[in-house]
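Student: So that we are looking at the same thing, I have put the structure below in structure tokens.
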Amino acid sequence: MADSEFLFNMDHGYLEGLCRGFRSGILTQGDYLNLVQCETLEDLKLHLQSTDYGTFLQNEPSPLQVATIDDKLREKLVIEFQHLRNHSLAPLSQFMDYITYSYMIDNIILLITGTLHQRAISELLPKCHPLGSFEQMASISIASTPAELYNAVLVDTPLAPFFVECISEQDMDEMNIELIRNTLYKAYLESFYNFCQNIGGATAEVMGQILSFEADRRCFIITINSFGTELSKDDRAKLYPRCGKLYPDGLVKLAKADDYDQVQNVAQYYGEYRNIFDNVGNGPSEKTLEDRFFEHEVKLNVLAFQQQFHFGVFYSWLKLKEQESRNVVWIAECIAQRNRGKIDNYVPIF
Amino acid sequence: MSGKDRISIFPSRMNLTMMKGRLKGAHKGHSLLKKKADALTLRFRAILKKIIDTKLLVGDIMKEASYSLAEAKFAAGDFTQVVLEKVESARTKIRTGKDNVAGVQLPNFEPFSEGVDSNELTGLSRGGQQVAHAREVYGKAVKLLIDLASMQTAFIVLDEAIKVTNRRVNAIEHVIIPRIENTISYITTELDERDREEFYRLKKIQEKKKKLKAAKELELKSLGINEDDAKNILEDNKDEDVIF
Numbered sequence: 021m022a023d024s025e026f027l028f029n030m031d032h033g034y035l036e037g038l039c040r041g042f043r044s045g046i047l048t049q050g051d052y053l054n055l056v057q058c059e060t061l062e063d064l065k066l067h068l069q070s071t072d073y074g075t076f077l078q079n080e081p082s083p084l085q086v087a088t089i090d091d092k093l094r095e096k097l098v099i100e101f102q103h104l105r106n107h108s109l110a111p112l113s114q115f116m117d118y119i120t121y122s123y124m125i126d127n128i129i130l131l132i133t134g135t136l137h138q139r140a141i142s143e144l145l146p147k148c149h150p151l152g153s154f155e156q157m158a159s160i161s162i163a164s165t166p167a168e169l170y171n172a173v174l175v176d177t178p179l180a181p182f183f184v185e186c187i188s189e190q191d192m193d194e195m196n197i198e199l200i201r202n203t204l205y206k207a208y209l210e211s212f213y214n215f216c217q218n219i220g221g222a223t224a225e226v227m228g229q230i231l232s233f234e235a236d237r238r239c240f241i242i243t244i245n246s247f248g249t250e251l252s253k254d255d256r257a258k259l260y261p262r263c264g265k266l267y268p269d270g271l272v273k274l275a276k277a278d279d280y281d282q283v284q285n286v287a288q289y290y291g292e293y294r295n296i297f298d299n300v301g302n303g304p305s306e307k308t309l310e311d312r313f314f315e316h317e318v319k320l321n322v323l324a325f326q327q328q329f330h331f332g333v334f335y336s337w338l339k340l341k342e343q344e345s346r347n348v349v350w351i352a353e354c355i356a357q358r359n360r361g362k363i364d365n366y367v368p369i370f
Numbered sequence: 004m005s006g007k008d009r010i011s012i013f014p015s016r017m018n019l020t021m022m023k024g025r026l027k028g029a030h031k032g033h034s035l036l037k038k039k040a041d042a043l044t045l046r047f048r049a050i051l052k053k054i055i056d057t058k059l060l061v062g063d064i065m066k067e068a069s070y071s072l073a074e075a076k077f078a079a080g081d082f083t084q085v086v087l088e089k090v091e092s093a094r095t096k097i098r099t100g101k102d103n104v105a106g107v108q109l110p111n112f113e114p115f116s117e118g119v120d121s122n123e124l125t126g127l128s129r130g131g132q133q134v135a136h137a138r139e140v141y142g143k144a145v146k147l148l149i150d151l152a153s154m155q156t157a158f159i160v161l162d163e164a165i166k167v168t169n170r171r172v173n174a175i176e177h178v179i180i181p182r183i184e185n186t187i188s189y190i191t192t193e194l195d196e197r198d199r200e201e202f203y204r205l206k207k208i209q210e211k212k213k214k215l216k217a218a219k220e221l222e223l224k225s226l227g228i229n230e231d232d233a234k235n236i237l238e239d240n241k242d243e244d245v246i247f
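Here the protein sequences come in this chain order: D and P. Taking this note's numbering, the leading residue of the first sequence gets 21, the next gets one more, and so forth. Taking this note's numbering, the leading residue of the second sequence gets 4, the next gets one more, and so forth.
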């Protein structure tokens, strides 16, 4: 809609301002250089106090552990996100719900796996990601097979349409849980992409770019990781989301690929992806393919902040904060294990 | 243990030969047991050296394994919970076999894997390579730990066996053999003494006989019979018995 920019600030201006405030608190290269030079986790805590994180680790008993840092970082992020979500109006609220669906998918997979192996629901609930919680979570324990689970519980969740699109009842029982996860994610990604396109304007443009990259990235990685496993080419082709640049030609070629070189050949046809596949290796000073993809994702997310009056800033801010958490946890692990060889492997954001 | 300790048996020549046989047996047993103890000690030292090396290796590899897990978590997110929940039964199991070292049965563990890897597709959409690398490193760590376990059980069993064998060697050397030797010397002294007694008795008897003979001759002489006259066997039917 052409006038969405004029009316944006009415409903969403305050929240966009808040989000941009959060974004400016993201750790800079200087902060990372300080963190990398810490000798112990206590030093790390001290340095984090001078950033936007402040005294979030204040009440933790020493000795500090990496898992605690991880939990606290996530807690802070969740509180900020939920604050934004609680104050949002449609369609921003729907947009933010879409963002949480990916965490819901992970939680559901975890709960299904746990329930199938007869673990107590009370053990599983604390392990779920808080951003992906939904009301029916506690009632998952009543089911004993995935099909029952779907009929009783999942049908009422917002994820029901994703199940309907791609999995039938027998598939639920027979399929490997990872396949279910990836099929759900494919449906989710395509649905999210269509939603953004419907909103139109800057949101469609920005989110379209980000989501199509995400789709292509998943296609590449699924293909590469499925070499040498029992996943057949047809099954693999069913997991490729179709909202990226690779659809339809690239996907057909990828579905036929047998080894890494063929995948690289497919990437040569697309400008951005050709660069990513160059200079990839597993040695100590080379970046892996995953690292390259992370870097590109971060770049796209940073670019989202260049435009105003769209919802992409919320999505990008969340993803950048997540990457930052991963970076800090990685640096903390290197320090804690006294193995500083690859400590610079974090993905710098600003 | 008193030095004069000896087995109490009747001191006869047959027992002496029996004791000599036993002494020979004890010496042979002693040398065989000593050989066994030496072989066990050799193996013990070799295992000790290997244990030290393996423990250092385990330290290194556990460090590497935790690092690879951190890398995998960086790339793939928190996949550990799902992996933990999916596990049903152990995939790597061990079989116990027995090694024979100088008669001692040493247990040893051999790993084998069975069952399908239900976690094969973990990290399919991100971080799959790092997860696979972490899986590899931890697999190596498990193998090393199994080797270490084998060696440590062998170490303990060998330790016991060496103690027992050394105790037996010492017992034979310091108790059995001196006892047998004492018994042998006791028997020989008894036998010698008996011989001497016998000899003395005989000598005494001879003396007595000589005295009797001399007294008899005197008697005969006094009766006028001349011993030098040859006897006429045809006339005299009486024939004196010849006594030595």
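Where a beta carbon is used, it is the ideal one built from N, C-alpha and C, also for glycine. No experiment lies behind these values; they were computed from the predicted model shown.
Tell me which residue opens and which closes the beta strand (DSSP E) that P:SER121 is part of.
Tutor: Your numbering for residue 121 of chain P matches position 118 in the second sequence. Note, P:SER121: premise wrong, no beta strand (DSSP E); not H, not E.
Student: Using the C-alpha atoms, what's the distance from P:ALA75 back to P:ILE64?
Tutor: In the second sequence, counting from the first residue as 1, residue 64 of chain P sits at position 61. In the second sequence, counting from the first residue as 1, residue 75 of chain P sits at position 72. Roughly 16 Å between the two C-alpha positions.
Student: For the alpha helix (DSSP H) containing D:PHE212, list its first residue and its last residue.
Tutor: Within the first sequence, the letter at position 192 stands for residue 212 of chain D. Counting along the chain, the alpha helix (DSSP H) containing D:PHE212 begins and ends at 197-219.
Student: So which of D:ASP31, D:MET227, D:ASN196 and D:GLN156 has the shortest CA-CA distance to D:TYR118?
Tutor: Indexing the first sequence from 1 puts residue 118 of chain D at position 98. Considering only alpha carbons, the answer is D:MET227.
Student: Leaving out five residues on either side along the sequence, give the residues of the same chain with a beta carbon under 7 Å from the beta carbon of P:LYS89.
Tutor: Locating residue 89 of chain P in the second sequence gives position 86, where the first residue counts as 1. So the qualifying residues of the chain are SER121 and ASN122.
Student: On the DSSP bridge assignment, give the partners of P:ARG98 in chain order.
Tutor: By 1-based counting over the second sequence, the position of residue 98 of chain P is 95. In DSSP, P:ARG98 forms a bridge with P:GLU113.
Student: Counting only Cβ pairs nearer than 9 Å, list the residues of chain P close to D:HIS137.
Tutor: Position 117 of the first sequence, counted from the first residue, corresponds to residue 137 of chain D. Ordered by position in chain P, the residues that pass the 9 Å Cβ test against D:HIS137 are GLU88, LYS89, VAL90 and GLU91.
Student: Mapping the DSSP letters down to three states, classify D:TYR357 as helix, strand or coil.
Tutor: Along the first sequence, one-based indexing puts residue 357 of chain D at 337. The residue asked about is misnamed: residue 357 of chain D is Gln in this sequence, not Tyr. Reduced to three states, the DSSP call for D:GLN357 is coil.
Student: At 4 residues or longer, and completely inside the stretch 127-191 of chain D: list those alpha helix (DSSP H) runs for me, N to C.
Tutor: For the stretch 127-191 of chain D, whole alpha helix (DSSP H) runs of length 4 or above, ordered along the chain, are 141-144, 166-172 and 180-186.
Student: In whole angstroms, what separates the C-alpha of D:ARG201 from that of D:PHE183?
Tutor: Taking the first residue of the first sequence as position 1, residue 201 of chain D is located at position 181. Taking the first residue of the first sequence as position 1, residue 183 of chain D is located at position 163. Cα-Cα distance, rounded: 10 Å.
Student: Please name the residues in the stretch 125-151 of chain P whose beta-carbon is closer than 9 Å to at least one beta-carbon of chain D, in chain order.
Tutor: Those would be THR125, GLY126, LEU127, SER128, ARG129, GLY130, GLY131, GLN132, GLN133, VAL134, ALA135 and HIS136, in chain order.
Student: Do you know how far the Cα of P:GLY80 is from the Cα of P:LYS52?
Tutor: Along the second sequence, read from residue 1 onward, the residue named residue 52 of chain P stands at position 49. Along the second sequence, read from residue 1 onward, the residue named residue 80 of chain P stands at position 77. Spanning the two alpha carbons is a distance of roughly 41 Å.
Student: Taking only the alpha-carbon atoms, compute the straight-line gap between D:THR48 and D:ASP254 and give it to the nearest angstrom.
Tutor: In the first sequence, the residue the question calls residue 48 of chain D occupies position 28. In the first sequence, the residue the question calls residue 254 of chain D occupies position 234. Cα to Cα, D:THR48 sits roughly 44 Å from D:ASP254.
Student: Give the single residue among D:ASP281, D:PRO111 and D:TYR289 whose Cα lies nearest to the Cα of D:GLN217.
Tutor: The sequence position of residue 217 of chain D within the first sequence is 197, counting from 1. The shortest Cα separation from D:GLN217 among D:ASP281, D:PRO111 and D:TYR289 belongs to D:PRO111.
Student: Does P:LYS66 come within less than 8 Å of chain D when only Cβ atoms are used?
Tutor: Translated into positions along the second sequence, residue 66 of chain P becomes position 63. At least one chain D Cβ lies under 8 Å of P:LYS66.
Student: With burial defined as no fewer than 16 other Cβ atoms inside 10 Å of the residue's Cβ, what is the status of D:CYS239: buried or exposed?
Tutor: Taking the first residue of the first sequence as 1, we reach residue 239 of chain D at position 219. Its Cβ being crowded by 16 or more others within 10 Å, D:CYS239 is buried.
Student: If contact means a Cβ-Cβ distance below 8 Å, which residues of the stretch 348-359 of chain D contact chain P?
Tutor: So the close ones are VAL349, TRP350, GLU353, CYS354, GLN357 and ASN359.
Student: Using the C-alpha atoms, what's the distance from P:HIS30 back to P:LYS214?
Tutor: Taking the first residue of the second sequence as position 1, residue 214 of chain P is located at position 211. Taking the first residue of the second sequence as position 1, residue 30 of chain P is located at position 27. When rounded, the distance between both Cα atoms is 54 Å.
Student: List the residues of chain P whose Cβ lies closer than 7 Å to the Cβ of D:ILE89, in chain order.
Tutor: Position 69 of the first sequence, counted from the start, is the residue given in the question as residue 89 of chain D. Going along chain P, no residue has its Cβ under 7 Å from D:ILE89, so there is no contact; the nearest lies around 13 Å.
Student: If you reduce the DSSP assignment to three classes, tell me which class D:VAL98 lands in.
Tutor: As a position in the first sequence, residue 98 of chain D is number 78, starting the count at 1. If DSSP states are grouped into helix, strand and coil, D:VAL98 belongs with the helices.
Student: Check whether the Cβ of D:LEU204 sits closer than 7 Å to any heavy atom of the ligand NAD, and report yes or no.
Tutor: The ligand NAD is absent from the structure shown, which contains no ligand whatsoever.
Student: Rounded to a whole number of angstroms, what is the C-alpha to C-alpha distance between P:LYS207 and P:GLU220?
Tutor: For the purposes of this step, residue 207 of chain P is taken as residue 204 along the second sequence, with counting starting at 1. For the purposes of this step, residue 220 of chain P is taken as residue 217 along the second sequence, with counting starting at 1. Looking at the two C-alpha atoms, the distance is approximately 20 Å.
Student: Do we get a CB-CB distance below 8 Å when we pair P:GLY118 with the residues of chain D?
Tutor: Along the second sequence, one-based indexing puts residue 118 of chain P at 115. Answer no: the Cβ-Cβ gap between P:GLY118 and chain D never drops below 8 Å.
Student: So who's on the other strand from P:GLN108, going by DSSP bridges?
Tutor: By one-based count along the second sequence, residue 108 of chain P stands at place 105. Bridge partners of P:GLN108: P:ASN103.
Student: Give me the chain P residues within the contact set of D:THR249, using Cβ-Cβ distance strictly less than 7 Å, ordered along the chain.
Tutor: Your numbering for residue 249 of chain D matches position 229 in the first sequence. The answer, in chain order, is GLU123 and LEU124.
Student: What does D:GLY134 touch in chain P if you count any residue whose Cβ is under 7 Å from its own?
Tutor: The residue you call residue 134 of chain D lines up with position 114 of the first sequence. Per Cβ cutoff of 7 Å: GLU88.
Student: Would you say D:TYR208 faces chain P, with C-beta separation under 8 Å as the test?
Tutor: Here residue 208 of chain D refers to the residue found at position 188 of the first sequence. So, not an interface residue.
Student: Express the C-alpha separation of D:CYS58 and D:GLN357 in angstroms, rounding to a whole number.
Tutor: For the purposes of this step, residue 357 of chain D is taken as residue 337 along the first sequence, with counting starting at 1. For the purposes of this step, residue 58 of chain D is taken as residue 38 along the first sequence, with counting starting at 1. Distance between the alpha carbons of D:GLN357 and D:CYS58 is about 13 Å.
Student: Using a Cβ-Cβ cut-off of 8 Å, state whether P:GLN84 counts as contacting chain D.
Tutor: In the second sequence, residue 84 of chain P corresponds to position 81, counting from 1. Yes, P:GLN84 counts as interfacial toward chain D.
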